[in-house]
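Data first, discussion second: the structure below is written as structure tokens.
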Amino acid sequence: MDEIAPEYDVVVLGTGLTECILSGVLSVKGAKVLHMDRNDHYGGEAASVNLETLFRQYNKTTVYGPGNEPWKKYGRANDWNIDLVPKLLMSNGELTNILVSTDVTRYIEFKQVAGSYVQQSNGAKATVAKVPSDAGEALRSPLMGLFEKRRARNFLTWVASFDEANPSTHNGMFRATHISYDTRTPGMNLSQSTMKQVYDKFGLEATTRDFIGHSMALYTTDDYIDSRGQAKDCVERIRLYVNSMARYGKSPYIYPLYGLGELPQGFARLSAIYGGTYMLNTTIDEVTYDDATGKVTGISATMKERGEEGEGMKFRTKCAKILADPSYFPGKVQVVGQILKAICILNHPIDRTDNADSLQLIIPQSQVGRKHDIYIAMVSSAHNVCPKGYYIAIVSTIAETGANHHLELQPGIERLGRIEEKFMGAPIPIYAPLGSGAEDNVFLSKSYDASSHFETMTDDVRDIYRRAEGKELVVEGLKEGQGLVAEE
Amino acid sequence: MAARMQQGGRPGGARFAQFKLVLLGESAVGKSSLVLRFVKDQFDDYRESTIGAAFLTQTIALDDQTTVKFEIWDTAGQERYKSLAPMYYRNANCAVVVYDITQASSLDKAKSWVKELQRQANENIIIALAGNKADLVAEQPDKRAVQTADAEAYARESNLLFFETSAKTAENVKELFTAIAKKLPIEQASQRGMRGPAGRPGGVDLGNRQEAGSAGGGPGGCNC
Ligand SMILES: Cc1cc2nc3c(=O)[nH]c(=O)nc-3n(C[C@H](O)[C@H](O)[C@H](O)COP(=O)(O)OP(=O)(O)OC[C@H]3O[C@@H](n4cnc5c(N)ncnc54)[C@H](O)[C@@H]3O)c2cc1C
Ligand SMILES: Nc1nc2c(ncn2[C@@H]2O[C@H](COP(=O)(O)OP(=O)(O)OP(=O)(O)O)[C@@H](O)[C@H]2O)c(=O)[nH]1
Ligand SMILES: [Mg+2]
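This is how it looks when you write it as structure tokens:
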């Protein structure tokens, strides 16, 4: 086996998506990167696993073997690629931009997600409707009465024409639009307004505010409504939704064939192509720091395959920086929340969703007496994540209670109808770094949050890059052959 | 199988099919050099480990009616510490497993790759075994560490195509890829006809990102 180089510019620990994007970008920009993972597979917490692995992960104490291999009744275990983190890509979002800018799209095929739905009311009265994505759809939506439809249309038309660079569209909030709605609007600055003021201006009803805020702006709580200055963020989120929707037509989301686990693999390959060195099955034995400055100086580690005889390959290397996911530095992170999640296998589409082969369904918190929304993300054989005839639905939310977590997910589980298999574990902690990394040059990512897309993950990528490299990340122009010093 | 196929543009039963080919083998046996020879007809004596060579394509005409396009995936060094991603093998139609005829251990490594392919990959995958650096033994016969007959016998047993090649002199390089092309199911592949821009129905082409100017049916992009 080859020698590990005595020194690297950056050591990356964990092959989650955040780490793989950073590794790829840094390699393309010329850094010498060593990227390791303790697991035998790429993806860390964001991996997609096969059905046998899923059974084993969720039932650690069960002894499986001949006669007790429940995955066998669902076809070949390897035909399953089940995401551990339920997320979808906004088709006009930042992850899409990074994928295109780095050409990682060459390795991964994407497909539209077929629909985006929202629930109104609950229990026996619950209805499920498509989220209207533009002014025209708002007029046809069963979610609103006749007059409310017009008000919602006016609101969405205004959002669409809102132009950040042009103060006339936000200072005189409605003036620059073609809606002769209220020309006596006080000079309202969106970056100082609350969303409540905006909703009030358009006279929107509570249920409309609910689906706009939760199923278009994708806020998971109602905190955004009264927070000053949040109006601009909200408008931008709605625009992202609307523009993503407009891109392919059926929903604002796209999804990679074979599951989300393809994403970290694609960026890892990018990194490797530009000289990044990859080592799976590698545990970190020690991280060393300079006594005087407190900055990281190097690591020692052991690569050893599961079941491999002997000590494995031990090595030590120097590095000036470490990028890592929270699991590698438990002492440098804190728990900031807990996610509840149930992975469910169905053999039918979800009721009242037009037999969609894939979807997002949001149950806004207010409809079921909660503080946080419940999300359902469903994909199926249309995305090569399971054999024909099956559907994988993940129900998730943020934990609000200390016990009986399964009850918190119940409104979402009820939406699914008959369930073949349900995998539900203890609440999953969300970690965030305690420090910026400036003191020791160990730059940590956040855990994947409860949002339904990757926008906060790409914010984290940019934030880590800024902290670690001291400048803004520019991905445009990173395609192969550009910004690259020729082979050495 | 996930070969991407299109109907040929020429009239009269022209056939065109695209296949994914992966390279495997120990580090420094010449995987990247073989690709460079095949795709660009170049050789570099002082080649460092693979950098930047991501994903090359090369088309060969089997006859004036039949064209095969290879989408060639090089390991990018991820095999060095046994860290290849499943993405690499996924949907591979054919594989070239390379060893260095002057290094006996590299054939053992090649055999373990063949085993892995036969276990994990598509059952119809076409595998070719290439004993590379044939030029070195042409100059100095005592450098040979793997006998042709031994490798050939192993290849026959395991149902592999077999060639001794030299990326340096180009010996058997074209022949290797042509032999693979001839064994691929081109007929089946080209009959499946046109696919969408992203290779399959309902696939999306992420190529041109654009801000939709207004809320409302955006410009194009949808091919469903
Ligand atoms: C701070 C930190 C330090 C870590 N250190 C290490 C380490 O040193 N070595 C190491 O190998 N790994 C480490 N990990 C990784 C972590 O242990 C992995 O997620 C591990 O697979 C969890 O397995 P467990 O045995 O604790 O099982 P559990 O926590 O019981 O989880 C088993 C599986 O169920 C899933 N699960 C748990 N709760 C739920 C739920 N409510 N809904 C749905 N799914 C759920 C989990 O994602 C996991 O896949 C660390 C993680 C963190 C956050
Ligand atoms: N004499 C001779 N040298 C060769 C031949 N093919 C490759 N080499 C040399 O062998 C070395 C390694 O070749 P590469 O093509 O980089 O090998 P690789 O298998 O891609 O290596 P990794 O990318 O590290 O896995 C280089 O110095 C090449 O010049 C050959 O046919 N004959
Ligand atoms: Mg190479």
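Chains as they are written, first to last, in the numbering used here: chain V, 4 to 491; chain Y, 258 to 481.
The beta-carbon is built from N, C-alpha and C at its ideal position, and this holds for glycine as well.
Ligand 5 heavy atom lying under 7 angstroms from the CB of residue i
| i | result |
| --- | --- |
| D331(Y) | Within the structure as shown, ligand 5 is missing, the only ligands being ligand 1, ligand 2 and ligand 3. |
N- and C-terminal bounds of the alpha helix (DSSP H) containing residue i
| i | result |
| --- | --- |
| F332(V) | Note, F332(V): premise wrong, no alpha helix (DSSP H); not H, not E. |
| L293(Y) | K288 to K297 |
| L393(Y) | A391 to E396 |
| D301(Y) | Unbroken run through D301(Y): none, as it is neither H nor E. |
| D376(V) | Run containing D376(V): none; DSSP gives neither H nor E here. |
Proximity test, residue i beta-carbon vs ligand 3 heavy atom, cut-off 7 angstroms
| i | result |
| --- | --- |
| S194(V) | no |
| K390(Y) | no |
| S289(Y) | yes |
Straight-line gap, residue i to residue j (C-alpha atoms, nearest Å)
| i | j | result |
| --- | --- | --- |
| T320(V) | F327(Y) | 39 angstroms |
| H408(V) | D354(V) | 24 angstroms |
| T197(V) | T280(V) | 48 angstroms |
| G480(V) | K366(Y) | 38 angstroms |
| L349(V) | R59(V) | 19 angstroms |
| K391(V) | R79(V) | 12 angstroms |
| A163(V) | I241(V) | 9 angstroms |
| Q335(Y) | L283(V) | 10 angstroms |
| S94(V) | Q200(V) | 30 angstroms |
| G47(V) | R212(V) | 37 angstroms |
| E10(V) | L91(V) | 37 angstroms |
| A436(Y) | Q322(Y) | 17 angstroms |
| T426(Y) | K439(Y) | 23 angstroms |
| Q220(Y) | E396(Y) | Residue 220(Y) is absent from the structure shown; chain Y starts at 258 and stops at 481. |
| G27(V) | D463(V) | 15 angstroms |
| D452(V) | I397(V) | 14 angstroms |
| A34(V) | R272(V) | 15 angstroms |
| G216(V) | V134(V) | 11 angstroms |
| H386(V) | S254(V) | 15 angstroms |
| L463(Y) | T108(V) | 7 angstroms |
| L558(V) | S455(V) | A query on residue 558(V) cannot be resolved here, the shown segment of chain V reaching from 4 to 491 and no further. |
| S363(Y) | L437(V) | 48 angstroms |
| L29(V) | M147(V) | 49 angstroms |
| T291(V) | A327(V) | 15 angstroms |
| P69(V) | Y61(V) | 19 angstroms |
| V36(V) | E475(V) | 19 angstroms |
| R347(Y) | S303(V) | 33 angstroms |
| V461(Y) | Y251(V) | 8 angstroms |
| G456(Y) | L410(V) | The predicted model places G456(Y) with a pLDDT of 46, which falls under 50 and marks its position as unreliable, so this point remains unresolved. |
| G405(V) | K374(V) | 14 angstroms |
beta-carbon residue i near ligand 2 non-hydrogen atom, thresh 7 angstroms
| i | result |
| --- | --- |
| V31(V) | no |
| G279(V) | no |
| L393(Y) | yes |
| K425(Y) | yes |
| D301(Y) | yes |
| S340(Y) | no |
| V286(Y) | yes |
| G484(Y) | It is not possible to answer for residue 484(Y), since the shown part of chain Y is limited to 258 through 481. |
| G282(Y) | yes |
Closest Cα partner of residue i within the set the options
| i | options | result |
| --- | --- | --- |
| K32(V) | V299(V), I276(V) and Y378(V) | I276(V) |
| L102(V) | G473(V), Y202(V), F457(V) and I467(V) | F457(V) |
| K128(V) | E424(V), V371(V), V464(V) and E403(V) | V371(V) |
| F158(V) | T400(V), F205(V) and Q115(V) | F205(V) |
| M219(V) | S194(V), T130(V) and N246(V) | N246(V) |
| L149(V) | L207(V), S104(V), D203(V) and K114(V) | L207(V) |
| Q268(V) | I7(V), I24(V), I422(V) and A8(V) | I24(V) |
Segment limits, beta strand (DSSP E) that includes residue i
| i | result |
| --- | --- |
| A352(Y) | C351 to D357 |
| P430(V) | Element bounds for P430(V): n/a, residue is neither H nor E. |
| Q341(V) | V336 to L349 |
| I302(V) | V299 to M306 |
| D288(V) | T285 to Y292 |
Three or more C-beta pairs closer than 8 angstroms, one from the region 384-400 of chain Y and one from the region 350-357 of chain Y: is that the case here?
yes
Just checking, does the region 358-373 of chain V make contact with the region 100-120 of chain V on the three C-beta pairs under 8 angstroms criterion?
yes
Any contact of the region 254-265 of chain V with the region 84-99 of chain V, i.e. 3+ C-beta pairs under 8 angstroms?
yes
Okay, do the region 326-339 of chain V and the region 445-459 of chain V touch, 3+ Cβ pairs below 8 angstroms being the bar?
yes
Between the region 407-421 of chain V and the region 289-301 of chain V, can you find at least three pairs of beta-carbon atoms closer than 8 angstroms?
no
Decide yes or no for the touch test of the region 8-22 of chain V against the region 460-477 of chain V: beta carbon pairs closer than 8 angstroms, at least 3 of them.
yes
How do the region 335-347 of chain V and the region 422-442 of chain V stand: do at least 3 beta-carbon pairs fall below 8 angstroms, yes or no?
yes
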